[in-house]
Amino acid sequence: MKILKQYKAVLLIVGVLTITSCAHEDQPRESQLDYTQPTKTELDNWITANYLSPYNINAQYKWNQNTVDNNRFLFPPMVNKVKPALEVVKQIWLDSYTEIGGADFVKKVAPREIVLVGGVNSNTNGTRTLGIADSGQRITLFEVDYLNKTNRANVTEFVHTIQHEYVHILNQNKPFDEQAWQKISPGDYTGTWHLEVLATSRNLGFVTNYARNNIIEDFAETASTILTSTKAEYAAILASITDPAGRAKLQQKEAIVVQYYKDAFNIDFYALRDAAERNTTKVINNN
Numbered sequence: 569m570k571i572l573k574q575y576k577a578v579l580l581i582v583g584v585l586t587i588t589s590c591a592h593e594d595q596p597r598e599s600q601l602d603y604t605q606p607t608k609t610e611l612d613n614w615i616t617a618n619y620l621s622p623y624n625i626n627a628q629y630k631w632n633q634n635t636v637d638n639n640r641f642l643f644p645p646m647v648n649k650v651k652p653a654l655e656v657v658k659q660i661w662l663d664s665y666t667e668i669g670g671a672d673f674v675k676k677v678a679p680r681e682i683v684l685v686g687g688v689n690s691n692t693n694g695t696r697t698l699g700i701a702d703s704g705q706r707i708t709l710f711e712v713d714y715l716n717k718t719n720r721a722n723v724t725e726f727v728h729t730i731q732h733e734y735v736h737i738l739n740q741n742k743p744f745d746e747q748a749w750q751k752i753s754p755g756d757y758t759g760t761w762h763l764e765v766l767a768t769s770r771n772l773g774f775v776t777n778y779a780r781n782n783i784i785e786d787f788a789e790t791a792s793t794i795l796t797s798t799k800a801e802y803a804a805i806l807a808s809i810t811d812p813a814g815r816a817k818l819q820q821k822e823a824i825v826v827q828y829y830k831d832a833f834n835i836d837f838y839a840l841r842d843a844a845e846r847n848t849t850k851v852i853n854n855n
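In terms of the working numbering, the sequence shown is residues 569 to 855.
As structure tokens, this is what we get:
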């Protein structure tokens, strides 16, 4: 009995020591997480003033591997290229839609994030991906490092990307008449659009080769090409089509685009095109 009591006593002491030790180990320690807010740069403040505050759009130029395809050789833009690119986007895209659609238009229908990538996003078929619209919430723009604000063709190509991707976002909010569109060029869409000759595509009623990918891209290409072309440039596209049937098809598509903007958003599409043209000229002349 005595030995048993001693054994119980030892167990009791060990139990107390164990509890004491665990209690000591469970004491909260100083956090290893860094809650320090990064210091905002002049560029960050400019983005807040011109994008985040007025439009609730965050322009992301700092590298985040979760927003890009890590299987491709992509890299962040040079910091000195970020503001010029965002100025172009604001003046030609945002300001034009705000002028014609109203001060709240882009606030209500817009991507919540624009991701800027410095380099080229090359595809295995020899084409380049100039932009991506992700579920209507994010637009990624590539080739920021190569934007030249003094070169109208270069500016037009860059702006064409966001105009195109924004048309997708508009379509996601309010679809266009896909059945009516499908009837215009049935059988002429192709997955090998990148191998086609532009003159051939236009004679079939497509404004670009990429428009032949599918009806969704056809609508976006038709709208964005008109929005990034001067009246004279678009007239030249129509005049270059040697097949009258092809010209008529493209004009039918143009009419659907114009009616869509009016019915879905009460926007005069040609007034929007004129505003974009004026703002593009301002961008070029101010450099």
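The beta-carbon is built from N, C-alpha and C at its ideal position, and this holds for glycine as well.
A distance below 8 Å between beta-carbons, with the five flanking residues on each side excluded, links Asn722 to the following residues of its chain, in chain order: Tyr714, Leu715 and Asn716. The beta carbon of His728 sits closer than 6 Å to the beta carbons of Ser792 and Thr796 from its chain, once the five residues preceding and following it are set aside; these are given in chain order. By the CB criterion at 7 Å, Ile809 and Asn771 fall inside the cutoff.
Beta-bridge pairing by DSSP links Ile700 to Thr708. Looking at the backbone, the Cα of Ile784 and that of Phe673 are separated by about 22 Å.
When beta bridges are read from the DSSP output, Glu655 appears opposite no residue.
If you check the CB distance, Ile835 and Ile615 do not come in under 7 Å. According to DSSP, Gln628 shares a beta bridge with Val683.
Between Thr848 and the set Lys830, Ile752, Gln659 and Thr607, the nearest pair of CA atoms involves Gln659. Cβ-Cβ separation between Leu684 and Tyr619: approximately 12 Å, too far for a contact (criterion under 8 Å).
Within a 10 Å sphere around the beta-carbon of Tyr838 sit fewer than 16 other beta-carbons, which makes this residue exposed. Here Glu733 really is in contact with Ile707; their C-beta atoms are around 5 Å apart, less than 8 Å.
Between Ile794 and Arg841 the beta-carbon gap is near 6 Å, inside 8 Å, which marks them as a contact.
Counting along the chain, the unbroken alpha helix (DSSP H) around Asp612 starts and ends at Glu610 to Ile615.
Taking a cut-off of 8 Å for Cβ pairs, the segment 762 to 769 and the segment 699 to 706 do not touch, as fewer than three such pairs fall below it. The shortest CA-to-CA distance from Asn648 to any of Glu822, Thr609 and Glu801 is the one to Thr609. Comparing alpha-carbon positions, the option among Pro679, Leu698 and Lys799 lying closest to Gly687 turns out to be Leu698. With a 10 Å radius around the Cβ and a threshold of 16 neighbouring Cβ atoms, Phe643 comes out exposed.
In the structure shown, the three-state DSSP call for Ser797 is coil.
Approximately 26 Å separates the beta-carbon atoms of Ile625 and Thr718; this is outside 8 Å, ruling out the contact. The beta carbon of His736 lies closer than 7 Å to those of Ala701 and Ala788 in the same chain, with the five residues before and after it left out.
Within 10 angstroms of the beta-carbon of Thr776 lie 16 or more other beta-carbons, which makes it buried. Distance from the Cα of Gly755 is smallest, within the candidate group Phe744, Gly773, Trp661 and Leu662, for Gly773. Exclusion of the five residues before and after Val677 leaves Ile737, Leu738 and Asn741 as the residues of its chain whose Cβ lies within less than 7 Å of its Cβ. Runs of the beta strand (DSSP E) spanning 3 or more residues and lying entirely within the segment 706 to 793 occur at 706 to 709, in chain order. Each residue's CA atom was taken as its position, placing Trp661 and Glu801 some 19 Å apart.
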